[in-house]
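So the structure is just underneath, and the comments pick up after that.
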Amino acid sequence: MDPDVPENNSSALPAFLFDRILRARLPGEMSGNFQEQGPTDGSRRLAPPSVPGQAVEGPDALDDHLVSLLAPASFEAEQYRTLRYGLEQMAKAGQFTPIVGITSPTVGDGKTTTAINLAGALGQAPEARVLLVDADLRRPCVGGQLGFGDSPAPGLADAILDPGVSLDDVVRGCPPFNLSILPAGRPPAAPYEVLKSPRLGELLEAARQRYDYILVDTPPVVPVPDCRLLAKWVDGFLVVVAAHKTPRPLVAEALTVLDPAKALGLVFNGDDRPFAGYYHAYGYAPDATRGGGRARAVRAVAAFLGRRRSTWQRGAP
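Residue numbers (the working numbering): 5 to 321.
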């Protein structure tokens, strides 16, 4: 944390990890597109459910933006490990499995890509048990980006609607990666009613007993109310913002809608500003040759709130 940024001790989470948003205001005029400014105790866990282990067709079947899976040594993948570190410390400090929602103000900000890359970064630890849940029942994308095919397989919606369907029945492996996937399932007629069911909470709590990290790819915050239902069951949200694209009023509205206590931080997706010489000395300069050129597709910059005063100004509670 920057020394000139005061700590906020009102948060239940460690202040040096996730600074709670009391009231966030975007700097400058509330118009234009958003851009950055300025340079567990595992003994209680049950075993993860046995997964069918249906393999994807191979790395070429994956979306090129998934740098944590396709080019884990790249500069871009290193940015997701920044997020991974924050969640690892969160789990260590709280002695519990964090359930973290990955959301965005609107469609097209890159939340699903961020969720998969963060899950992949967490899964790089051989001992980690990571579950990625696709809870965007209106526009599920996790399976498609991972090469599972277009036909919806049984998943979250099926398990919510049918109490006889367990996690073991719907969680899928993603070999060769250390990652488990709970797909969205068959599209329901009324997604809001499905996500409103207490059964969702039961499934997530059951997963908490089996995994070390649970990431939930949620619908965007502003267009539909689904994400607000999910807030009841997650410990916090990371909000993905498309750099130079997401309108600032939408970012402000998303942060207004979310419970301030559960807004963990921001992920700036697609930030293409020059990195000067900051990373060259460590061999992490963005390079088109890394990952066969795939690494050029995305750059994620983690900015946990409170880290950069020049980007966010916090008002009084």
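Heads up, the beta-carbon is just placed ideally off N, CA and C, and yes, glycines get one too.
These numbers come from a predicted model, not from an experiment.
Residue i versus residue j: straight-line alpha-carbon distance, rounded
{"i": "glutamate 92", "j": "alanine 129", "result": "11 Å"}
{"i": "leucine 254", "j": "aspartate 113", "result": "11 Å"}
{"i": "methionine 94", "j": "glycine 105", "result": "14 Å"}
{"i": "alanine 246", "j": "threonine 222", "result": "16 Å"}
{"i": "leucine 66", "j": "alanine 163", "result": "26 Å"}
{"i": "asparagine 121", "j": "leucine 73", "result": "7 Å"}
{"i": "alanine 123", "j": "cysteine 178", "result": "11 Å"}
{"i": "phenylalanine 272", "j": "tyrosine 196", "result": "28 Å"}
{"i": "lysine 236", "j": "valine 243", "result": "16 Å"}
{"i": "proline 63", "j": "alanine 77", "result": "Only weak support exists for where proline 63 lies, its pLDDT of 47 falling under 50; the value from the coordinates is given anyway. Going from the Cα of proline 63 to the Cα of alanine 77 covers about 15 Å."}
{"i": "valine 240", "j": "glycine 168", "result": "Rather than valine, the amino acid found at residue 240 in this sequence is glycine. In a straight line, the C-alpha of glycine 240 is about 29 Å away from that of glycine 168."}
{"i": "alanine 256", "j": "threonine 107", "result": "14 Å"}
{"i": "proline 322", "j": "alanine 97", "result": "Residue 322 lies beyond the residue range present for the chain, which begins at 5 and ends at 321; the question has no answer from this structure."}
{"i": "glycine 57", "j": "leucine 171", "result": "Any reading at glycine 57 must be qualified, since the residue scores a pLDDT of 41, below 50, and its modelled position is unreliable; the value itself is stated next. Rounded to whole angstroms, glycine 57 to leucine 171 spans 14 Å at the Cα level."}
{"i": "tryptophan 151", "j": "leucine 268", "result": "Before going further, note that residue 151 is glycine rather than tryptophan in the sequence given. Rounded to whole angstroms, glycine 151 to leucine 268 spans 30 Å at the Cα level."}
{"i": "alanine 320", "j": "glutamine 213", "result": "Model confidence at alanine 320 stands at a pLDDT of 30, short of 50, so the residue's coordinates are unreliable; what they give is reported in the following sentence. Cα to Cα, the separation comes out at about 38 Å."}
{"i": "valine 225", "j": "leucine 126", "result": "25 Å"}
{"i": "valine 146", "j": "alanine 211", "result": "18 Å"}
{"i": "serine 109", "j": "glycine 274", "result": "In the sequence as displayed, the identity of residue 109 is proline instead of serine. Approximately 15 Å, taken between the alpha carbons."}
{"i": "aspartate 23", "j": "glycine 90", "result": "Any reading at aspartate 23 is ruled out, since the residue's pLDDT is 34, under 50, leaving its predicted position unreliable."}
{"i": "leucine 208", "j": "histidine 248", "result": "34 Å"}
{"i": "lysine 115", "j": "cysteine 231", "result": "13 Å"}
{"i": "proline 202", "j": "leucine 141", "result": "16 Å"}
{"i": "arginine 176", "j": "alanine 193", "result": "24 Å"}
{"i": "alanine 75", "j": "proline 251", "result": "30 Å"}
{"i": "glycine 148", "j": "proline 156", "result": "10 Å"}
{"i": "alanine 119", "j": "valine 174", "result": "19 Å"}
{"i": "leucine 204", "j": "aspartate 68", "result": "31 Å"}
{"i": "alanine 132", "j": "isoleucine 103", "result": "14 Å"}
{"i": "leucine 259", "j": "glutamate 206", "result": "27 Å"}
{"i": "glutamine 99", "j": "glycine 153", "result": "37 Å"}
{"i": "valine 238", "j": "leucine 160", "result": "15 Å"}
8 Å contact criterion, which residue i and residue j should meet: CB distance rounded
{"i": "leucine 199", "j": "leucine 165", "result": "About 11 Å; that fails the 8 Å criterion."}
{"i": "alanine 188", "j": "proline 144", "result": "3 Å"}
{"i": "threonine 117", "j": "leucine 70", "result": "7 Å"}
{"i": "proline 227", "j": "valine 111", "result": "7 Å"}
Residue i (DSSP reduced to helix, strand or coil)
{"i": "proline 192", "result": "coil"}
{"i": "phenylalanine 241", "result": "strand"}
{"i": "leucine 186", "result": "strand"}
{"i": "alanine 163", "result": "helix"}
{"i": "leucine 262", "result": "coil"}
{"i": "glycine 274", "result": "coil"}
{"i": "aspartate 216", "result": "coil"}
{"i": "proline 253", "result": "helix"}
{"i": "alanine 119", "result": "helix"}
{"i": "alanine 235", "result": "coil"}
{"i": "glycine 177", "result": "strand"}
{"i": "alanine 210", "result": "helix"}
{"i": "glycine 205", "result": "helix"}
C-beta neighbour in chain B for residue i, strict 9 Å
{"i": "phenylalanine 100", "result": "Of the protein chains in this structure there is only one, and it is not chain B."}
Residue i CB to nearest heavy atom of the ligand NAD below 8 Å
{"i": "alanine 256", "result": "As for the ligand NAD, it is missing from this structure, which has no ligand bound."}
field: Sequence ranges, beta strand (DSSP E) only - wholly within the stretch 123-151, length at least 3
entry: As far as the stretch 123-151 is concerned, its whole beta strand (DSSP E) runs of at least 3 residues are 134-138.
query: If you scan the stretch 55-112 from start to end, which runs of the beta strand (DSSP E) of 3 or more residues do you find wholly inside it?
result: Annotation note: the stretch 55-112 contains the following uninterrupted beta strand (DSSP E) runs of length 3 or greater, listed N- to C-terminal: 103-107.
message: Within 8 Å, do at least three Cβ pairs link the stretch 82-92 to the stretch 136-143?
response: Segments in contact, no.
query: Is there contact here, the stretch 176-195 with the stretch 250-269, by at least three beta-carbon pairs under 8 Å?
result: Three or more beta-carbon pairs separated by less than 8 Å are not found between the stretch 176-195 and the stretch 250-269, which leaves the two stretches without contact.
- prompt: Do the stretch 207-220 and the stretch 74-82 touch if we need at least three Cβ pairs shorter than 8 Å?
  reply: Taking 8 Å as the limit for Cβ pairs, the verdict is that the stretch 74-82 does not touch the stretch 207-220.
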